[in-house]
Structures are given as structure tokens and as C-alpha cells.
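Novice: Okay, handing you the structure first.
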Amino acid sequence: MIRVRKFDGSLEAYNRKKIVAFCLRMGASKGEAKAIADRVEGRLYDKIQTKNILQMARRYVARYQPKVRLRRDLRSAISLLRSKPDWELFVQHLMSEIGFEVEGNRILRGKCVENEVDGVLRKNAQTIMLEVKHHAAPHTKTRLDIPREVRSIFEDLTEGFTLGYHDIDFTDALIVCNTKFTTEAKKYADCRGIGRLSWKDPAERGLEVIIEEEKFYPITILREVDKKMKTTLGDNGIIVLKQIIDADLKKLAAKTGIREERLEGLERNARKLLVG
Numbered sequence: 151m152i153r154v155r156k157f158d159g160s161l162e163a164y165n166r167k168k169i170v171a172f173c174l175r176m177g178a179s180k181g182e183a184k185a186i187a188d189r190v191e192g193r194l195y196d197k198i199q200t201k202n203i204l205q206m207a208r209r210y211v212a213r214y215q216p217k218v219r220l221r222r223d224l225r226s227a228i229s230l231l232r233s234k235p236d237w238e239l240f241v242q243h244l245m246s247e248i249g250f251e252v253e254g255n256r257i258l259r260g261k262c263v264e265n266e267v268d269g270v271l272r273k274n275a276q277t278i279m280l281e282v283k284h285h286a287a288p289h290t291k292t293r294l295d296i297p298r299e300v301r302s303i304f305e306d307l308t309e310g311f312t313l314g315y316h317d318i319d320f321t322d323a324l325i326v327c328n329t330k331f332t333t334e335a336k337k338y339a340d341c342r343g344i345g346r347l348s349w350k351d352p353a354e355r356g357l358e359v360i361i362e363e364e365k366f367y368p369i370t371i372l373r374e375v376d377k378k379m380k381t382t383l384g385d386n387g388i389i390v391l392k393q394i395i396d397a398d399l400k401k402l403a404a405k406t407g408i409r410e411e412r413l414e415g416l417e418r419n420a421r422k423l424l425v426g
């Protein structure tokens with residue numbers, strides 16, 4: 151049996167389905183993904199590191215889909231965003247993309263203290279308090295203290311509404327973060343009725359699945375977006391790749407100081423990833 155060393159140092163049995171899924175997320179067809187998994191398996195050895203497997207798979211995907219060379223893997227791209235304002239804005243835009251009415255950051259008076267929420271989501275009969283968390287290290291897990299904190303804020307605000315301190319009648323709370331939750335954090339959130347959307351969670355349709363399905367990529371998915379460009383675009387509200395395609399590049403160049411020719415190159419590569 152081939153064992154794989156995960157990013158946290160632990161070992162697990164090699165799982166072919168994970169390689170196939172990775173290749174599909176990178177843009178390979180089902181047939182290509184299976185062929186790539188076959189090639190990768192021919193080079194495996196016991197205790198191989200996960201990152202080495204993914205690097206191999208990525209190289210093979212690029213042979214079938216050259217546009218893959220333009221992009222970072224999604225997990226790394228998200229980790230490169232700034233927590234504020236980039237990640238918060240990205241999540242708000244994503245929630246709008248999947249059908250929620252979104253209101254941005256609010257400071258609301260609870261029964262005990264004022265609380266800042268990262269957004270208000272509305273759909274059907276739900277009014278959801280949004281809490282957004284971001285880790286620059288993509289394998290850092292979100293711990294128990296986060297859902298505990300969210301639960302206390304939710305309770306304070308629902309009681310504040312009852313007392314007439316603010317006008318939002320929250321029905322639910324949702325945490326969106328770019329990494330996995332610890333087992334205890336998930337157990338507590340489930341027990342307290344706090345929604346979760348994070349990496350591979352819920353298992354059937356986690357954060358990464360929604361982003362790939364919608365092709366709702368952050369600008370950092372493109373390898374050419376360096377730290378300076380990311381910061382400049384983010385400071386001007388450009389967080390999502392689709393915004394580059396929709397932008398008036400002449401005006402954006404004047405506003406950001408980024409050469410129009412460079413923005414045009416960015417737009418061309420954005421179209422390759424989003425349209426094909």
C-alpha cells in the first residue's frame with residue numbers, strides 16, 4: 151500500500167479519486183484526468199509528499215491543457231488575497247453570484263456591545279449573519295474559538311434586535327473561510343446550528359467546488375498577478391477575474407497607474423481561463 155505524507159506531516163493511504171478530482175478542477179476532461187492519474191501512479195513511492203504528487207499532476211494537466219500554465223492552483227491563489235478587504239469582498243461577491251442579496255459590512259448594537267458583521271445575506275425567508283475568516287497559510291485549520299465567537303455575536307445581535315437596538319432580524323449565521331475546520335470546530339458549529347462553507351466543507355459542495363463551478367476566480371489565480379499588482383487592483387475594488395473582463399481598461403489604467411498594455415494582457419489571459 152502506498153502512503154502519502156500530508157501537509158501536516160501525517161500519513162494516509164493514497165487515494166486515486168483525489169488526483170482525478172484535482173485534475174478535473176484544473177480543467178482536464180474526465181478521460182484526461184484518468185490518464186494523468188495512471189501516469190502519476192507509475193511514479194509513486196511510499197511516503198511521497200502530497201505536494202510532489204500535485205506538482206506531477208499539474209505538469210501532466212498542462213500537456214493536455216496549456217492554459218493551466220497561466221494559473222496558480224486555487225488554494226494558493228485564495229491564500230494570497232489579503233484578509234481585508236480582498237477576501238471579505240471576494241466572499242460577498244461570491245454570495246451574490248450564487249443568489250443571495252448581499253449587504254456589506256455593518257456595525258450593529260447587540261444587547262451587550264456593538265458588533266461588526268462581515269455582511270448580511272438574504273434569500274427567501276433567511277437573513278444570515280456572515281462571518282468571513284481567512285488564513286494566509288492554506289493548511290491552517292479554523293479552530294473551535296471561531297464558531298464559539300460567532301455564536302456569541304449571533305445571540306447578542308438577536309437579543310439586540312428584540313430590544314429594538316437594530317433593524318436586522320437574523321435567522322441564521324454562516325462562517326465562510328478558505329481553510330478546513332478542526333473536528334471540534336465542526337462539531338460545535340453543527341451543535342449550535344452555525345452554517346459552514348470552507349475548503350471541502352460541506353463535503354458534497356465545498357467552497358472550492360462552488361468557485362470552480364462558477365469560474366469565480368480571484369485575480370491571484372493568474373500567475374502574472376504579483377504582490378504589487380494584487381494590492382493595486384484590490385485597493386481599487388478589483389478582486390475577481392471577471393471584473394477584469396468587464397472593466398474599461400483605459401479608465402482602470404488611469405485610476406491604478408498600471409500600464410494599459412499590461413491590463414490588456416491580463417484580460418486576454420483571464421478570457422482564456424474563463425471562456426477557453
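For the sequence shown, the working numbering assigns the number 151 to the initial residue and increments by one for each residue that follows.
Positions of the beta carbon are idealized from the N, C-alpha and C atoms, including for glycine.
1) Compute the beta-carbon to beta-carbon distance between residue 227 and residue 352, rounded to the nearest angstrom, for a pair I have assumed lies under 8 Å.
2) Return the bridge partner residues of residue 279 from the DSSP annotation.
3) Could you give the C-beta distance for residue 240 and residue 204, rounded to a whole number, given that I count them as a contact under 8 Å?
4) Under three-state DSSP, which class holds residue 163?
5) Where does the unbroken beta strand (DSSP E) through residue 347 begin, and where does it stop?
6) Would you give the residue range spanned by the alpha helix (DSSP H) that residue 294 belongs to?
7) Can you check whether the CB of residue 371 is closer than 8 Å to the CB of residue 221?
8) Do you know offhand how far residue 210's Cα is from residue 187's?
9) For the beta strand (DSSP E) that residue 218 lies in, which residues bound it at each end?
10) Taking contact to mean 3 or more Cβ pairs, one atom from each stretch, closer than 8 Å, check whether the segment 250 to 267 and the segment 399 to 407 are in contact.
11) Please confirm whether residue 265 and residue 306 have their CB atoms less than 8 Å apart.
12) Considering only DSSP beta bridges, list what residue 205 is partnered with.
13) Evaluate contact between the segment 341 to 358 and the segment 307 to 315, counting only Cβ atoms and requiring at least three cross-stretch pairs below 8 Å.
Specialist: Taking the structure as given:
1) With 8 Å as the limit, residue 227 and residue 352 do not qualify as a contact, their Cβ atoms being about 21 Å apart.
2) 270, 323
3) Not quite, the Cβ-Cβ distance comes to about 23 Å (not below 8 Å), so this is no contact.
4) strand
5) 345 to 347
6) Note, residue 294: premise wrong, no alpha helix (DSSP H); not H, not E.
7) yes
8) So the alpha carbons of these two residues sit roughly 9 Å apart.
9) Here residue 218 belongs to no beta strand (DSSP E), and DSSP marks it neither H nor E.
10) Output reads no: the segment 399 to 407 does not touch the segment 250 to 267.
11) Yes; because the gap between Cβ atoms is below 8 Å, this pair is in contact.
12) For residue 205, which the question treats as bridged, DSSP gives no partner whatsoever.
13) no
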